[in-house]
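Participant: At the far end of the sequence shown sits residue 742, using UniProt numbering, and the numbering has no gaps.
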Amino acid sequence: MSVYFQEEHFDLLEKLQNKIRNKDDQTQNLEYEKLKEANSLTKTWGEEVLKKQFPSGKLDFRNSPLDQSRKFKPYTWAKIYPEKDSPKELAFTVGIDGNLGFILKIDTVNANNKLRNRYEEIRGEFNNSPIVSMLSVEEGLGKSLDDLVAWSVEEIQKFGLTYDDLCTEIALKDDLKSNDFTAQKVLDYLKSRYPNNEQKTQKIFLCINELDKELALETGNLSTNTIRLFLKDKPPEQVIALEQCKFRGIGDSPNHNLNANTKSLRVNDSFFQISPSSLHQLQKICDWFDEFSHVDHIRSKSNKMGLGKEMPNKLIAQTLNRILFGAAGTGKTFNTINHALSIIEDKSLEELKDEKREKLKERFDEYKNQGRIKFVTFHQSFSYEDFVEGIQAETDDQGNLTYNVKSGVFKDICKNATGVSQQAESIDEIVEKFLDEITETPLELYTQQNKKFKVSYVGSGVTLQCQPLASEAKATYYANIGKIKSLLSGEQIENAYNRSYIKAVAEFLKPKVKPVQINKNDQNHVLIIDEINRGNISRIFGELITLIEDSKRAGASEELSVVLPYSKREFTVPNNLYIIGTMNSSDRSLTGLDIALRRRFTFIEMPPKPELLAKITVDEVNIQKLLTVINQRIEILLDRDHCLGHANFMSLEQQPTLDNLSNIFKQKVIPQLQEYFFDDWAKINLVLNGNGMLKPKPVETSAIFPNVDSEDLGYFEDKKIWELVPTSFNSIESFKKIIQHG
């Protein structure tokens with residue numbers, strides 16, 4: 001076995017991937033033959049492993065370097081089946097990849113999406129998988145073919161799952177075994193794992209962990225394969241796929257038994273319905289449930305769940321996309337500071353809670369100045385051009401209108417999070433040096449049409465002066481320097497004056513531009529989007545709505561990129577950018593939020609916290625009790641989304657006076673209740689417990705409608721006109737009556 005893989009094989013796999021085969025290209029024909037050599041070596045590798053490890057098995061191999069669409073594949077692979085009758089959907093595979101090196105794994109073959117998804121849940125990340133082993137290009141090339149085969153056999157024997165185990169886990173054999181995973185099996189597992197929990201009803205089995213978090217199983221039909229678990233928080237994608245999670249908003253409870261048997265999964269709560277499809281997936285959900293309990297407390301033990309080395313604790317602990325939602329005045333924007341610092345400094349919210357607010361704000365502002373935190377507020381006029389990129393019109397020194405690509409806040413922070421491109425720095429340096437040179441000595445160049453011109457720079461401004469040497473009129477044309485830099489950066493330019501001169505200068509400078517090198521930035525960055533539900537999400541995010549998903553980020557297993565419409569540059573969203581949104585649930589319910597956005601975010605409720613007001617008393621009126629009883633009435637008369645936030649009353653901490661309390665009610669509470677109840681003063685009076693702040697005013701209908709017998713019509717029997725009683729706001733008794741029962 002003297003012939004072996006070469007570095008050129010890897011270079012060609014990377015160079016030619018996804019290119020269409022062209023038999024008229026002689027260079028490509030030679031490269032094609034070289035890749036056939038790599039394929040042949042892969043076949044030999046597979047045959048030798050088959051002989052030593054699976055003598056009664058079989059090998060499946062396709063010798064062509066092309067896929068079925070005649071495009072070059074970025075890898076080679078041979079499929080090894082342990083037995084001749086092994087399921088064709090699962091095989092050991094050996095091969096080389098242009099980017100990853102030498103790969104040995106158990107993999108699916110032409111499997112359907114459902115089977116592939118189950119497989120990927122178990123496989124996890126390549127570099128920390130129980131069924132994948134890899135060698136870098138350098139490590140693999142340092143071996144002989146005999147050594148490579150010996151390594152493969154040894155690694156197969158070390159795999160954390162056998163072939164048969166994996167078949168069982170992904171329910172491949174016996175018609176995928178999908179009918180075997182029933183609600184009864186889930187119930188048996190939960191009872192064995194949580195023996196101290198009782199089934200109080202035949203319809204629901206409830207598990208409660210150490211932090212008093214609830215997990216409920218629907219048990220009405222134990223023979224069903226449709227499993228429904230209910231959790232307050234959504235597990236991350238590493239635990240369960242997005243399509244197996246369904247958000248249940250307030251009022252959208254699928255089982256009335258939850259209302260009677262749970263505390264946090266009731267009809268007036270928002271929560272998630274989870275549908276696991278295998279025992280392995282159920283175990284991962286329970287591991288997550290036990291260890292994390294809530295996004296604020298997440299701290300990972302990734303080895304237990306097999307989430308991979310590329311997903312360090314701080315990434316598992318922090319969801320990439322989250323929305324803080326709650327009624328007005330519950331501290332959503334206030335808490336974005338803590339959440340942002342928690343992400344950037346890798347601290348728990350509990351740790352930060354003990355620090356002084358001034359110190360937190362000081363550090364938050366410092367990170368903002370460094371570009372690691374950006375803050376933006378969505379509104380109806382906010383657009384894709386503001387958020388990602390757009391065209392901005394500018395006037396140059398000669399009054400000519402030019403159109404330049406301007407980055408938005410999202411593109412800017414993505415660039416910060418990705419790292420600094422050394423190419424962009426070298427372009428600025430090269431252009432500046434060029435300007436210095438032609439300021440002293442003009443340069444003669446040629447356009448693509450072979451027309452000679454002289455280019456110079458006067459030492460200021462944003463354009464170069466270009467004079468065609470064949471022109472008798474000695475005309476001067478102006479080339480925009482920004483457009484020249486754009487061309488050198490690989491962008492396309494549109495709507496530019498004197499493009500032939502711009503391109504000629506760019507072509508002259510292009511050989512001096514350094515190759516692209518990215519200084520990788522591993523620091524976390526945070527984008528805070530206040531009032532995220534007020535913007536037109538589809539219009540603002542555009543095609544990037546998909547790219548913010550965990551699995552579609554740069555470096556993820558399903559990384560995606562798009563070409564931006566204005567700059568024509570390829571764009572990905574880095575995996576160290578975290579998005580925090582805030583949303584006023586009384587302004588618009590969760591179910592009204594763009595569904596594409598909802599499925600890509602974790603929702604964290606920010607309820608009113610009357611307990612923060614426990615120590616505040618105004619003339620014997622306890623403000624905690626006051627807010628609690630008001631919210632109880634609002635929840636009964638309207639809903640939970642429209643409760644009053646504790647922030648409305650926080651100023652009383654510094655100034656606990658009747659005047660201040662009176663102003664809060666006149667300027668905040670009453671107007672807010674008017675908005676919530678659409679000026680239904682009778683209901684507002686119920687919320688205030690008939691405390692005398694409002695009173696019905698007698699109406700002389702006969703005087704207002706003199707030509708109508710209003711009494712006979714009966715139209716005005718229940719009509720009341722209400723008015724505020726200003727003096728009642730100055731009496732502490734009015735506030736005491738709000739709390740009083742009976």
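All residues carry an ideal CB built from backbone N, CA and C; glycine is no exception.
Quantities reported herein were computed from a predicted structural model and do not represent experimental measurements.
1) Taking 8 Å as the cut-off, does the segment 598–615 touch the segment 639–650 (at least 3 CB pairs, one atom from each stretch)?
2) Report back the beta-carbon spacing between Ile528 and Ile373 to the nearest angstrom; my notes put them in contact at under 8 Å.
3) Pick from Phe325, Asn416, Pro726, Val687: whose alpha carbon is nearest that of Ile580?
4) I'd like to know whether the C-beta atoms of Glu218 and Asn255 end up nearer to each other than 8 Å.
5) Assuming Asn29 and Lys23 form a contact by the criterion Cβ under 8 Å, report the distance between their Cβ atoms to the nearest whole angstrom.
6) If we require 4 or more residues per run, which alpha helix (DSSP H) segments fall completely within the segment 40–65?
7) Would you call the segment 49–59 and the segment 73–87 touching, i.e. three or more CB-CB distances under 8 Å?
8) From residue 744 to Glu31, what does the alpha carbon distance come to, in whole angstroms?
9) Could you check the C-alpha separation between Ser586 and Glu385 for me, to the nearest Å?
10) Using a threshold of 8 Å, state whether the C-beta atoms of Gln465 and Ala504 are closer than that.
11) Tell me where the beta strand (DSSP E) around His525 begins and ends.
12) What is the rounded straight-line gap between the Cα of Asn127 and the Cα of Lys347?
13) With 16 as the cutoff for other CB atoms within 10 Å, does Asp147 come out buried or exposed?
14) Starting from the C-beta of residue 779, find all residues in its chain whose C-beta is less than 7 Å away, skip the five residues before and the five after it, and write them out in chain order.
15) Can you give me the C-alpha to C-alpha distance between Leu443 and Lys105, rounded to a whole angstrom?
16) Would you mind stating whether Phe230 and Gln273 have Cβ atoms separated by less than 8 Å?
17) Any idea which residues DSSP pairs Glu605 with across the strands?
18) Compute the distance between the beta-carbons of Ile481 and Ala506, then report whether it is under 8 Å.
19) Write down the C-beta distance between Met134 and Ile156 rounded to the nearest angstrom, noting that I regard them as a contact closer than 8 Å.
20) Following the continuous alpha helix (DSSP H) through residue 826, name the residue where it begins and the one where it ends.
21) Give every residue of the same chain whose Cβ lies closer than 8 Å to the Cβ of Lys84, excluding the five residues on either side of it in the sequence, and list them in chain order.
22) My output table needs one value for Glu355: the three-state DSSP class, helix, strand or coil.
23) Report yes or no: do three or more beta-carbon pairs, one from the segment 523–543 and one from the segment 333–341, lie closer than 8 Å?
24) If we count the other Cβ atoms within 10 Å of its Cβ and call it buried at 16 or more, is Gly535 buried or exposed?
25) If distances are taken between C-alpha atoms only, which option among Asn450, Val618, Arg193 comes closest to Phe289?
26) Please check the pair Val629 and Asn648, which I expect to be a contact at CB under 8 Å, by giving their CB distance rounded to whole angstroms.
27) According to DSSP, is Phe677 helix, strand or coil?
28) Please state the DSSP three-state secondary structure of Asp346.
29) Given a threshold of 16 other Cβ atoms within 10 Å of its Cβ, counted over all protein chains shown, does Gln244 qualify as buried or as exposed?
30) Following the continuous beta strand (DSSP E) through Cys207, name the residue where it begins and the one where it ends.
31) Within 10 angstroms of its Cβ, does Thr418 collect 16 or more other Cβ (buried), or is it exposed?
32) Within 10 Å of its beta-carbon, does Ile636 have 16 or more other beta-carbons around it, so buried, or fewer, so exposed?
33) Going by DSSP, name the residue or residues bridged to Asp97.
34) Here's a check: name, in chain order, each residue in its chain whose Cβ is nearer than 6 Å to the Cβ of Glu375, leaving out the five neighbours to either side.
35) Go ahead and pull the three-state DSSP assignment for His297.
36) Any idea if Thr262 is buried or exposed, counting beta-carbon neighbours within 10 angstroms, 16 or more meaning buried?
Facilitator: Inspection of the coordinates gives the following:
1) yes
2) 7 Å
3) Phe325
4) yes
5) 7 Å
6) none
7) yes
8) Absent from the model: residue 744. The displayed extent of the chain is 1 to 742, so no value can be given.
9) 29 Å
10) no
11) 525–530
12) 27 Å
13) exposed
14) Residue 779 cannot be examined here, being either before or after the span of the chain that is shown, 1 to 742.
15) 60 Å
16) yes
17) Phe325
18) no
19) Not really, about 13 Å apart at Cβ, beyond 8 Å.
20) Here the chain covers residues 1 to 742 and nothing more, so residue 826 does not appear.
21) Ser56, Gly57, Lys58
22) coil
23) yes
24) buried
25) Arg193
26) 15 Å between Cβ atoms; not a contact.
27) coil
28) coil
29) buried
30) 204–208
31) buried
32) exposed
33) Tyr75, Gly101
34) The displayed chain sequence assigns Phe, not Glu, to residue 375. Hits under 6 Å: Ile528.
35) The pLDDT assigned to His297 is 38, lower than 50, so where the model puts this residue is not dependable; a value taken from the coordinates is nonetheless given after this. Residue state, collapsed to three classes: helix.
36) buried
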